[in-house]
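What follows is a single structure, written as C-alpha cells, with notes after it.
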Amino acid sequence: MTIVHTKIFSGIVGAGIVAAALTLSACGDSDTESTPTASMSMAPTSAPMMASMKGTFTGMGGKNVSGSATVADGKLMLSGFRTDEGPDLHVYLTNGTDEAAVMAGKQISAIDLNAMSQSFSLDGIDTSMYHNVVIHCDKAKVVFGAAMLS
C-alpha cells in the first residue's frame, strides 16, 4: 500500500469508528421513557381468536365413533373419544363429511386409537372456516365419523 492509500484507508476506518461510537452512545441513558404509539401494536400477531365450538361424534358408513370435539384457544380437543380401528386414521377440519369435503379440508394430525382425550394445535388455522371435525382413514379413503361444530 502507498502512503496515499494508507491515509485514505485510515480516514475511512476512523470515520467508521466515530460513527459507530455516536450510534452506540445514542442507545445509552435517556430521560424520556419509550411509550407505545398508535402505530405500535401490543397485540399478538397470530390468527384471530375464534369463539369456541363443540360437537358430538357420530359414526358413519357402519363405523363406530363417539365422544366430543371442542375447538377453543387455538386447539382441537377430543374427549371421551373412541373409534373403530383403522390403519391410518387422521382428524380433519372440513365443511362436510364426504370424501370431497375431506380432501378440501385441513388435515390436523394422526389420532391415537387408545387415547380418550387428545389435543391438537390449530396454530395458523382460521377455524371459523370449518364446520365439521372428521375422523378419516387416509389409506382406505373412508370417513369413520364426524362431529358438527356449533
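With mature numbering (1 follows the signal peptide of the UniProt record, and there is no 0) applied, the sequence shown covers -26 to -1, 1 to 124.
Cβ atoms here follow ideal geometry from the backbone N, Cα and C, with glycine treated the same way.
Per DSSP, residue i forms a beta bridge with which residues?
| i | result |
| --- | --- |
| V117 | H110 |
| S53 | S42 |
| H64 | A84 and H110 |
| K28 | T44 |
Cα separation between residue i and residue j?
| i | j | result |
| --- | --- | --- |
| L(-5) | L50 | Summary for L(-5): the model assigns pLDDT 37, below 50, so the residue's position carries little reliability; its value from the coordinates is reported in the next sentence. Spanning the two alpha carbons is a distance of roughly 52 Å. |
| I109 | G29 | 13 Å |
| D58 | A46 | 26 Å |
| S42 | T71 | 16 Å |
| N88 | D100 | 29 Å |
| V76 | S26 | 22 Å |
| E73 | D97 | 25 Å |
| N38 | R56 | 8 Å |
| A84 | A121 | 17 Å |
| S124 | F31 | 13 Å |
| T68 | A78 | 7 Å |
| I82 | G48 | 12 Å |
| L52 | G33 | 15 Å |
| M90 | V116 | 21 Å |
Could you tell me which of the options sits nearest to residue i, measuring between CA atoms?
| i | options | result |
| --- | --- | --- |
| D112 | V45, H64 and A121 | H64 |
| N106 | G60, Y66, L52 and A25 | Y66 |
| F118 | P61, A78 and S26 | P61 |
| M103 | K80, G35 and F55 | K80 |
| S93 | M27, N38 and T44 | T44 |
| A114 | F31, M90, G35 and S42 | G35 |
Closer than 8 Å to a non-hydrogen atom of the ligand NAP - does that hold for the CB of residue i?
| i | result |
| --- | --- |
| T30 | Ligands are entirely absent from the displayed structure, and the ligand NAP is therefore not among its contents. |
In this structure, does DSSP put residue i in helix, strand or coil?
| i | result |
| --- | --- |
| S95 | strand |
| T101 | helix |
| M77 | helix |
| M122 | strand |
| G36 | coil |
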